[in-house]
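Undergrad: Residue numbers (this note's numbering): 410 to 778.
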Ligand code: FE
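1) Flag this pair as yes or no: are the beta carbons of residue 568 and residue 680 separated by less than 9 angstroms?
2) Let me check you understand the geometry: is the CB of residue 761 closer than 8 angstroms to at least one non-hydrogen atom of the ligand FE?
3) Apply the 10 Å Cβ neighbour rule to residue 587 and answer buried if 16 or more other Cβ atoms are within range, or exposed otherwise.
4) State buried or exposed for residue 507, treating a residue as buried only when at least 16 other CB atoms are found within 10 Å of its CB.
5) Between which residues of its own chain and residue 432 is the CB-CB distance below 7 angstroms, once the five residues before and five after are set aside?
6) For residue 499, is the classification buried or exposed, using 16 other Cβ atoms within 10 angstroms of its Cβ as the cut-off for buried?
7) Rounded to a whole number of angstroms, what is the C-alpha to C-alpha distance between residue 626 and residue 579?
8) Within the present structure, is the beta-carbon of residue 639 separated from the nearest heavy atom of the ligand FE by less than 8 angstroms?
9) Does at least one heavy atom of the ligand FE sit under 8 angstroms from the Cβ of residue 657?
10) For residue 773, count the other beta carbons within 10 Å of its own beta carbon; 16 or more makes it buried, fewer makes it exposed. Which is it?
11) For the region 699 to 713 against the region 592 to 602, do three or more pairs of beta-carbon atoms, one drawn from each stretch, fall closer than 8 angstroms, so that the two count as touching?
12) Between residue 633 and the rest of its own chain, which residues show a CB-CB distance below 8 angstroms, the 5 nearest in sequence each way excluded?
13) One question on the structure: do residue 565 and residue 655 come within less than 9 angstroms of each other, judged by their Cβ atoms?
14) Is the beta carbon of residue 662 closer than 9 angstroms to that of residue 745?
15) With a threshold of 8 angstroms (Cβ to nearest heavy atom), would residue 733 be considered close to the ligand FE?
16) Going by other Cβ atoms of all chains shown within 10 Å of its Cβ, with 16 needed for buried, is residue 762 buried or exposed?
17) With a CB to CB cut of under 6 angstroms and the five nearest residues on each side skipped, what residues in its chain are close to residue 751?
18) Could you check which residue in 573, 552, 618, 622 has the C-alpha nearest to that of residue 584?
19) Is residue 760 closer than 9 angstroms to residue 639 when the C-beta atoms are compared?
20) Expressed to the nearest angstrom, what Euclidean distance is found between the alpha-carbon atoms of residue 740 and residue 698?
21) Express the C-alpha separation of residue 516 and residue 470 in angstroms, rounding to a whole number.
22) Please report how far the alpha carbon of residue 483 lies from the alpha carbon of residue 768, in whole angstroms.
23) At 4 residues or longer, what runs of the alpha helix (DSSP H) sit wholly inside the region 625 to 663?
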């Protein structure tokens with residue numbers, strides 16, 4: 410029975426819960442309400458951050474272990490505590506918009522130039538004023554108004570089954586859409602942002618019509634319906650499903666250094682080819698950080714950006730994750746070194762965002778699932 414007394418007790422209990430919840434949200438500026446992964450902080454010793462070097466709050470869509478290692482290194486060097494909220498980029502952008510001036514976020518970190526540009530056009534960022542960052546990162550890997558700065562780049566390349574394909578047979582992305590590769594191409598779904606940005610780059614470079622012709626012919630050449638992530642495309646060709654695949658370079662490094670022998674074997678069986686070297690260049694994308702407009706720890710945020718773009722952190726990102734550094738003083742891991750240098754597309758990353766709806770429309774139209 411639900412009598413008056415139990416109703417009273419329930420009210421009291423709810424009040425206590427509400428008070429406790431209020432307390433915890435008052436002390437934690439990074440409460441995670443978006444259903445993202447549980448937040449991580451670099452809290453190591455003292456729980457009162459302001460007694461040391463203060464703090465900096467990051468909303469990030471990057472999901473790599475090396476990022477946390479770098480935040481820990483930064484805290485160790487500066488005493489500045491790093492609070493991290495992980496989530497999907499569009500959700501984090503929505504969250505910052507909703508939080509407005511009271512957002513705890515100081516930095517927004519994500520992959521994809523289109524998303525970085527979206528954060529800019531949604532007016533949640535502000536210019537990063539730092540001579541150190543400007544010196545460490547070339548202009549083409551920063552936003553024109555310096556609202557975001559690149560942290561790493563990745564190339565979307567052709568990988569091939571070494572036992573069946575001679576690299577001399579490979580040339581361009583366009584070539585993968587010719588009859589020569591009928592039933593031999595593996596690529597993940599077009600719902601993935603990596604492919605949407607690839608297609609957006611083609612719309613910019615070759616025009617909408619040509620990009621559609623390419624997407625349609627590529628889809629007709631697929632060895633199987635798109636499934637899995639980038640690594641699964643390498644696994645497909647290693648197991649004989651298709652001869653060539655499109656994937657991001659860093660996944661090749663991750664396979665090669667995997668704890669699973671099977672994955673190492675996959676990496677050994679594939680070669681990396683940088684397409685379009687005589688023409689428009691290989692497609693690259695960027696991972697970067699934007700300074701949040703309503704940042705309350707701006708100085709610390711800029712210090713962290715200076716740290717992350719310095720040669721030491723850049724070398725670590727590249728060595729651990731096989732991404733390309735944005736700072737040319739960084740040391741590449743042997744694997745990336747072995748692939749040599751390559752010509753990349755000369756493109757404004759903002760285009761990936763601007764042309765994303767068109768890319769999605771084309772992919773749907775041609776039936777690229
Ligand atoms: Fe990825």
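The beta carbon of each residue, even a glycine, is placed where N, CA and C say it ideally should be.
TA: So, from the listed chains and residues:
1) yes
2) no
3) exposed
4) exposed
5) Residue placement at residue 432 is flagged as unreliable, the pLDDT there being 34, under the threshold of 50; the coordinate-derived value follows with that caveat. Correct list: empty, nothing qualifies.
6) exposed
7) 17 angstroms
8) yes
9) yes
10) exposed
11) no
12) 595, 645, 650, 651
13) yes
14) yes
15) no
16) buried
17) 683, 691
18) 622
19) no
20) 21 angstroms
21) 11 angstroms
22) 39 angstroms
23) 639 to 647
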